[in-house]
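According to my numbering, the residues represented by the sequence shown are 171 to 738, in order.
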Amino acid sequence: EHERRWWKEGVVYQIYPRSFADSNGDGIGDVRGIINHLDYLKWLGIDIVWLNPIYRSPNDDNGYDISDYRSIMEDFGTMSDFDELLTGLHDRGIRLIMDLVVNHTSDEHQWFIESRKSRDNPYRNYYIWRPPAADGGVPNDWQSFFEGPAWDFDEATGEYYLHLFSKKQPDLNWENERVREEVYDLMGFWLDKGIDGFRMDVINLISKRPGLPNSRKGSTSRIVGGEHFINGPRLEAYLSQLRGKVLDGRDIMTVGETPDVTPEIGLRYVGKEQGALNMLFSFEHMDIDFGKGGSWDIDSWTPAELFSIFARWQMALNGKGWNSLFLNNHDQPRQVSRFGDDGVYRNRSAKLLALFLHTLQGTPYVYQGEEIGMANVPFTSIDECRDISSRNYWKRAVQEGQNKEEVFRRILYRGRDNARTPMQWNDSPHAGFSSVEPWIACNPDYHRINVSMQKTQEDSILWFYRRLIALRKVHPVFAYGSFEEIAGSSGGLIAYRREDGPSQETLLVVLNWSGDQAVQSPAVNRAIKETEGDRILLTSCEDDPNRLTALAAGEPFLPWEAVAILCD
Ligand code: TEU
Ligand code: CA
171 EHERRWWKEG
181 VVYQIYPRSF
191 ADSNGDGIGD
201 VRGIINHLDY
211 LKWLGIDIVW
221 LNPIYRSPND
231 DNGYDISDYR
241 SIMEDFGTMS
251 DFDELLTGLH
261 DRGIRLIMDL
271 VVNHTSDEHQ
281 WFIESRKSRD
291 NPYRNYYIWR
301 PPAADGGVPN
311 DWQSFFEGPA
321 WDFDEATGEY
331 YLHLFSKKQP
341 DLNWENERVR
351 EEVYDLMGFW
361 LDKGIDGFRM
371 DVINLISKRP
381 GLPNSRKGST
391 SRIVGGEHFI
401 NGPRLEAYLS
411 QLRGKVLDGR
421 DIMTVGETPD
431 VTPEIGLRYV
441 GKEQGALNML
451 FSFEHMDIDF
461 GKGGSWDIDS
471 WTPAELFSIF
481 ARWQMALNGK
491 GWNSLFLNNH
501 DQPRQVSRFG
511 DDGVYRNRSA
521 KLLALFLHTL
531 QGTPYVYQGE
541 EIGMANVPFT
551 SIDECRDISS
561 RNYWKRAVQE
571 GQNKEEVFRR
581 ILYRGRDNAR
591 TPMQWNDSPH
601 AGFSSVEPWI
611 ACNPDYHRIN
621 VSMQKTQEDS
631 ILWFYRRLIA
641 LRKVHPVFAY
651 GSFEEIAGSS
661 GGLIAYRRED
671 GPSQETLLVV
681 LNWSGDQAVQ
691 SPAVNRAIKE
701 TEGDRILLTS
711 CEDDPNRLTA
721 LAAGEPFLPW
731 EAVAILCD
């Protein structure tokens, strides 16, 4: 039923190069640092690496502001280091996908340097310039994702340019055919080097509604004006052109980063028939704890709600598209802190989250450090934070006179730096990441949470990931099985069944997504009883040969107990 493809069967490992490993003692992670840890990736068993941006950049937004798409950031190394990395990965049977950031460039990119020189510069139209409004103010009311208006005034030519992110990230003008050709060219440059695909940064922001109208009253968009630039009117046309010019005929993988997408909209981008991309990152589940005031406004959530979002995507894309599965990345809090328990049940809850994600239909993504249960960071002051999004929020909120403690509390919960502290390799100074003070301080918990310690403990989170990844390679039901929720789930108790026709395998997954014991509902108990004679393939708790019998007899689930039962 499902076309078999390597990018459906593989597990992706996301590397944030600045924080992965520093090879030359300047406190900044680099390409050679990754090369030095290739055997670790092989040992873990992952199949695909997604590398966050490593291109030349003044680092206003850690590499998401690119000043040259065809060179490597000096902090990270050289093009020959990169070539060595690619070869090293391929030699180990690991594929590489790169970040493609083409909604915007750096303001230090040559195109923008030219563009801002004069109104008739040949590059003027590479970006989105508008004269001031009648009152001299901004051309429209759109807001930037990093606080404040999405427009900046440029003295030299007396016009404003659009930037949906920082003012050092001017938006490219995709209406301009030459801009699109530049993008196809630079994609070709990297594909010709032999990379295996792209993760496309905010790709559903590239089409702005012509005329750039003011925001619509009553719009529910997460950002002022979003209804005019998220999933914009020409997006599908651009994607289909890109597909024809670059993607078709190549055995590569593409994943679009697409905030504000429902399954219905998502299928336009990844649907088997018309979709240009293989899969996308949707954010409905990541936005689950956003309050009415947007991302910095923190709201409560329940496991049942979170699960129902995943379940909806599972059903909607089955046989029509393909899901990417993730619970954190470099922009999000650490999953064990946000969705699990980073206190007494850190170990078990981290395993439950892993088991959940890897037993859904789709391609799982592991963000560096997740495999050892890295947790959010106890920053004590905004001065320790590096992220432009947190820092800009702090500046604005404090200027507005908001309560500093509350603002900082929100940053501690939500801030992107939670995910950006150095990878914790061992318990030597700076976590084995670097020989000197790193660009952002280590999480002080690295003495108890690190790779080298967990490698020696077979019941560690790390070994759990390794086993989970290995199981996926043996049992096609993991990637391809259908998904069916078992009704009657209640509280933290969640159950679902996966079925794979060709292999005749069935997987029953039951999760107690809570720190309390959970009594089984009749439906869950019935499903467990039906598995008589089968075996628990993997559990978040200690292995116990009698556990399945006990569960069938109706014993309650332990806090954070998660089991995958294989019926074959
Ligand atoms: O993120 C896009 C995006 O939607 C984020 O700004 C998100 O809203 C925010 O991080 C949630 O806290 C991508 C990249 O992943 C991010 O690192 C970049 O800063 C951004 O695009 C601009 O390139
Ligand atoms: Ca370095």
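We put the CB at the ideal spot given by N, CA and C, even for glycine.
Secondary structure at Q531, three-state DSSP: helix, strand or coil?
Coil.
Quick check: is any heavy atom of ligand 2 less than 6 Å from the C-beta of I198?
Checking the Cβ of I198 against ligand 2 gives yes.
Distance check for G489 and V644, CA to CA, integer angstroms please.
If I take the Cα positions, the gap works out to 22 Å.
Looking only at its chain, what residues have a beta carbon closer than 6 Å to the beta carbon of L707, apart from the 5 residues adjacent to it on each side?
So the list reads A734 and L736, once near-sequence residues are dropped.
Let me make sure I understand the geometry here. Which of S478, N384, N448 and G571 has the alpha-carbon closest to that of I458?
That would be S478, whose Cα lies nearest to the Cα of I458.
May I ask which residues mark the beginning and end of the beta strand (DSSP E) holding S560?
Element bounds for S560: not the beta strand (DSSP E) but the alpha helix (DSSP H), I558 to Q569.
Starting from K654, follow its DSSP beta bridges and name the residues at the other end.
Before going on, a small fix: residue 654 reads as Glu here, not Lys. Answer is R667, bridged to E654.
Give the single residue among L721, D200, T709 and E654 whose Cα lies nearest to the Cα of W483.
When each option's Cα is compared against that of W483, the closest is E654.
So, with DSSP's three-state summary, where would you put E427?
Looking at E427 - three-state DSSP - the assignment turns out to be strand.
Please report how far the alpha carbon of G461 lies from the alpha carbon of K442, in whole angstroms.
Rounded to whole angstroms, G461 to K442 spans 34 Å at the Cα level.
Using only the heavy atoms of ligand 2, determine whether one of them is closer than 6 Å to the beta carbon of D192.
Yes, ligand 2 has a heavy atom inside 6 Å of this Cβ.
Report the residue from F727, Y225, T591 and P726 whose alpha carbon sits nearest the alpha carbon of P608.
The shortest Cα separation from P608 among F727, Y225, T591 and P726 belongs to T591.
Examine ligand 1 and report whether any of its heavy atoms sits within less than 6 Å of the Cβ of D231.
Yes, Cβ of D231 sits closer than 6 Å to a heavy atom of ligand 1.
Shortest alpha-carbon distance to A545 belongs to which of N499, A486 and N613?
A545 has its Cα closest to that of N613, out of N499, A486 and N613.
Going by the DSSP bridge assignment, what does F451 pair with across the sheet?
DSSP lists E427 as partners of F451.
When you measure from the CB of Y239 to every non-hydrogen atom of ligand 1, does any distance come out below 6 Å?
No, the beta carbon of Y239 sits no closer than 6 Å to any heavy atom of ligand 1.
Let me confirm a value: K387 is counted as buried when at least 16 other C-beta atoms fall within 10 Å, else exposed. Which label applies?
Classification for K387: exposed.
Is D469 near ligand 3 - that is, is its Cβ less than 6 Å away from at least one heavy atom of it?
The model on display carries ligand 1 and ligand 2 but not ligand 3.
Please determine, among V514, V353 and T428, the residue with the shortest C-alpha to C-alpha distance to S452.
It is T428 whose Cα lies nearest to the Cα of S452.
Would you call the stretch 266 to 276 in contact with the stretch 360 to 369, where contact means no fewer than 3 C-beta pairs closer than 8 Å?
Touching, yes, given that three or more Cβ pairs across the two stretches are closer than 8 Å.
Could you check if V440 belongs to the surroundings of ligand 1, using beta carbon to heavy atom distance under 6 Å?
V440 Cβ: outside cutoff for every heavy atom of ligand 1.
Run the proximity test for P614: is its beta-carbon closer than 6 Å to any non-hydrogen atom belonging to ligand 1?
Not so, every heavy atom of ligand 1 lies at least 6 Å from the Cβ.
On the DSSP letters alone, give me the boundaries of the beta strand (DSSP E) that I185 sits inside.
Unbroken beta strand (DSSP E) run through I185: V182 to I185.
Let me know the secondary structure DSSP gives Q594 once reduced to three states.
If DSSP states are grouped into helix, strand and coil, Q594 belongs with coil.
Is the beta carbon of E329 less than 7 Å from the beta carbon of W281?
Cβ atoms of E329 and W281: not closer than 7 Å.
Counting only the same chain and skipping the five closest in sequence on each side, list residues whose C-beta sits under 6 Å from that of E179.
Only A649 meet the Cβ criterion.
Quick check on the DSSP output: the alpha helix (DSSP H) that includes D253 runs from which residue to which?
Residues M249 to D261.
What do you get for T709, buried or exposed, if any count of 16 or more other CB atoms within 10 angstroms of its CB means buried?
Flag for T709 reads buried.
What residue range does the beta strand (DSSP E) around T676 cover?
Residues E675 to N682.
Look up C737 in the DSSP assignment and give the residues it is bridged to.
Answer by DSSP bridge pairing, in chain order: T676.
Hey, is D371 close to ligand 1, as in C-beta under 6 Å from one of its heavy atoms?
Checking the Cβ of D371 against ligand 1 gives yes.
Is the stretch 371 to 378 close to the stretch 402 to 420, with three or more CB pairs under 8 Å?
Short answer: they touch.
Count the other C-beta atoms from every protein chain shown that fall within 10 angstroms of the C-beta of F316, then say buried if there are 16 or more, exposed otherwise.
Buried, because 16 or more other Cβ atoms sit within 10 Å of the Cβ of F316.
Assuming G539 contacts L522 (C-beta within less than 8 Å), just tell me the rounded distance between them.
Not a contact, Cβ separation roughly 17 Å.
Going by DSSP in three states, Q624 sits in which element: helix, strand or coil?
Helix.
Does DSSP put A688 in a helix, in a strand, or in coil?
Three-state result, A688: strand.
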